[in-house]
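As structure tokens, the structure follows; a few thoughts come after it.
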Amino acid sequence: MTSQSVAPSTAEIPQPWTPPAAPADRSQLDPEELYSRDEIERLQFERLRWTLHHAYNNVPAYKELYDGHGVHPSDFKTLDDLELFPTIDKEFLRAAYPFKALAVPMEQVRRIHASSGTTGQPTTVAYTENDIEMWASLVARCMRASGVQPGYKVHNAYGYGLFTGGLGAHYGAERLGCPVIPMSGGQTNKQVQIITDFEPEVIMCTPTYLLALADGFTKVGIDPRETSLKFAILGAEPWTEGMRQEIENLYDLKACDIYGLSELMGPGVAGEAVETQDGCHIWEDHFRPEIIDPFNGKVLGDREEGELVFTTLTREALPIIRFRTHDLTSLKPGTARPGHRRMNRITGRSDDIIILRGVNIFPTQIEEIALEIDTLSPHFALEITRPNRMDELTIKIERRDTVTAAEAELGGKELIAQIKTRVGCSCKIEIAEPNTLARSSGKLRRIYDLRELND
Ligand code: DLL
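Take our numbering: the final residue in the sequence shown is number 621, and no numbers are missing along the way.
In structure tokens:
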């Protein structure tokens with residue numbers, strides 16, 4: 167598959183996308199939202215061609231990867247040829263930490279975010295001005311599809327900071343012509359007060375946080391149905407149709423899903439239309455999705471369940487080609503935006519990541535910390551429950567048989583503190599006696615997710 171042809175330089179393949187100016191009437195759809203499937207695929211082909219050359223010519227890690235596999239961007243002659251190129255995953259980006267995967271000089275970078283990693287080392291996400299514009303326009307597109315109109319006040323309770331949720335939602339709301347209340351996460355009492363006083367029509371946060379917030383309203387004698395909220399745009403963690411029903415009934419509002427991941431840009435890769443509420447439309451003018459068999463990497467057809475893989479089509483600072491998300495789902499034809507396919511709700515992950523209140527946690531992170539505390543053994547299980555509508559993590563961990571229960575309790579306290587600082591989540595600890603946690607064929611089952619997501 168090695169190509170003899172000389173690679174056209176990126177200069178010969180001009181970037182096929184320049185960010186459009188915000189339309190005067192921001193409630194209008196972007197022209198690409200109305201493209202037919204054929205138009206979308208033609209655009210994808212052009213943009214993929216550019217992306218492959220851009221990555222190959224400017225990111226040594228891609229060049230090395232493709233040379234090693236005997237493929238070259240000039241082998242890409244039809245959309246199906248994307249399969250010729252190897253997939254990448256978080257490891258690829260981790261190896262390039264912090265800036266080795268950048269495809270543009272630093273003076274063109276305007277923002278840097280980071281996503282949580284498995285071993286404490288995050289991966290970096292960088293954006294040019296065009297990338298930020300594209301991101302804002304796609305979040306605005308999701309919000310508009312979900313019923314938000316210019317002028318609606320948006321209470322943004324996604325976390326601000328390195329996490330892409332806060333600033334991603336913020337720029338999207340501004341782009342749509344909405345005043346944003348940059349609340350960030352936490353401080354439930356304050357959130358209750360601000361929503362009561364400012365009367366926003368829209369809230370953006372994780373679905374479980376919106377449920378917890380309902381309890382905050384009830385505690386101070388306010389019926390959530392009496393608040394000003396009319397639209398909720400919820401994502402960053404898996405949720406179900408059952409939870410949608412519960413949220414809509416509790417608040418008397420319309421709740422829509424929003425999907426995204428840091429490596430691709432953040433929230434806004436896909437969003438749900440309020441009139442159909444039938445799954446997120448993936449914005450295929452900027453991202454090409456594929457579903458693969460997680461075991462052998464084979465590309466599967468629409469409606470077949472597998473692992474979602476994404477390629478960015480217009481990202482300048484950090485082109486991402488065939489990134490394995492580990493999210494399990496399937497693709498189905500578009501409805502409200504027929505040219506763009508929809509994704510089913512995420513049913514799980516092909517790795518064992520836990521998403522707890524929007525924070526990504528890997529058992530290996532806990533393991534690493536537990537191993538540093540000499541009164542605790544590496545034998546533990548993670549139990550996730552949802553009492554009072556908020557996710558809770560309990561770590562059941564065996565003490566070492568050389569120490570007393572009291573010494574192990576002290577170690578447990580240290581573990582809680584370390585996890586809070588290094589992973590960013592609160593948890594409970596239960597110290598177990600040595601050799602009491604269930605093992606099957608020598609392996610300890612790490613995760614017991616008791617949240618009843620499969621409704
Ligand atoms: O969670 C970006 C985001 C912020 C999306 C705000 C939506 C709203 P990461 O922290 O990199 O980025 O986590 C990405 O979260 O691979 C999924 O497993 C999960 N995820 C995100 N949105 C959804 C959703 C942000 N709507 C990982 N449904 C992804 C289910 C979701 N899972």
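Note that the Cβ used here is the ideal one computed from N, Cα and C, for glycine as well.
Helix, strand or coil at residue i [DSSP, three-state]
| i | result |
| --- | --- |
| residue 433 | strand |
| residue 529 | helix |
| residue 481 | coil |
| residue 249 | helix |
| residue 346 | strand |
| residue 308 | helix |
| residue 472 | strand |
| residue 279 | strand |
| residue 544 | strand |
| residue 356 | helix |
| residue 239 | helix |
| residue 537 | helix |
| residue 259 | helix |
| residue 184 | coil |
| residue 341 | helix |
| residue 604 | coil |
| residue 326 | coil |
| residue 398 | strand |
| residue 438 | strand |
| residue 459 | coil |
| residue 199 | helix |
| residue 447 | strand |
| residue 627 | In the structure displayed, the chain extends from 167 to 621; residue 627 sits before or after that span and is not available. |
| residue 453 | strand |
| residue 361 | helix |
| residue 284 | Confidence in residue 284 is poor, its pLDDT being 44 and thus under 50, which makes the residue's placement too unreliable to answer from. |
| residue 179 | coil |
| residue 299 | helix |
| residue 392 | helix |
| residue 229 | helix |
| residue 244 | coil |
| residue 268 | coil |
| residue 273 | helix |
| residue 555 | helix |
Host beta strand (DSSP E) of residue i (start-end)
| i | result |
| --- | --- |
| residue 321 | 320 to 322 |
| residue 596 | 594 to 598 |
| residue 489 | 489 to 495 |
| residue 427 | 420 to 427 |
| residue 384 | Not the beta strand (DSSP E): residue 384 falls in the alpha helix (DSSP H), residues 373 to 385. |
| residue 507 | Premise fails: residue 507 is in no beta strand (DSSP E) and is neither H nor E. |
| residue 562 | 558 to 565 |
| residue 522 | 520 to 522 |
For residue i, the first and last residue of its enclosing alpha helix (DSSP H)
| i | result |
| --- | --- |
| residue 292 | Here residue 292 belongs to no alpha helix (DSSP H); instead the beta strand (DSSP E) covers 289 to 294. |
| residue 204 | 203 to 224 |
| residue 576 | 571 to 588 |
| residue 613 | First-last for residue 613: 613 to 615, but that is the beta strand (DSSP E), not the alpha helix (DSSP H). |
| residue 414 | 407 to 417 |
Quiz prompt | Given 8 Å, three or more beta-carbon pairs between the segment 254 to 262 and the segment 483 to 501 | solution = yes
Quiz item: Quick one: any contact between the segment 332 to 351 and the segment 442 to 452, if contact means 3 or more CB pairs under 8 Å?
Solution: no
Quiz item: Is the segment 399 to 419 touching the segment 562 to 577, taking contact as three or more C-beta pairs under 8 Å?
Solution: no
Quiz item: Would you call the segment 308 to 318 and the segment 395 to 411 in contact, with 3 or more CB pairs under 8 Å?
Solution: yes
Quiz item: Quick one: any contact between the segment 588 to 605 and the segment 544 to 561, if contact means 3 or more CB pairs under 8 Å?
Solution: yes
Quiz item: Using 8 Å as the Cβ pair cut-off and three pairs as the minimum, do the segment 351 to 363 and the segment 199 to 208 touch?
Solution: They do not touch, by the three-pair rule.
Self-check item: Segment contact flag, the segment 452 to 459 with the segment 402 to 415, C-beta cutoff 8 Å, min 3 pairs
Solution: no
Exercise. Pair every Cβ in the segment 476 to 487 with every Cβ in the segment 256 to 273, then say whether three or more of these pairs are closer than 8 Å.
Key: Touching, yes.
Quiz item: If you pair each beta-carbon of the segment 364 to 377 with each one of the segment 286 to 293, do three or more pairs fall below 8 Å?
Solution: no
Quiz item: For the 8 Å Cβ check, are there 3 or more pairs between the segment 331 to 345 and the segment 214 to 234?
Solution: Not touching, per the Cβ criterion.
Exercise. Decide yes or no for the touch test of the segment 224 to 231 against the segment 266 to 284: beta carbon pairs closer than 8 Å, at least 3 of them.
Key: yes
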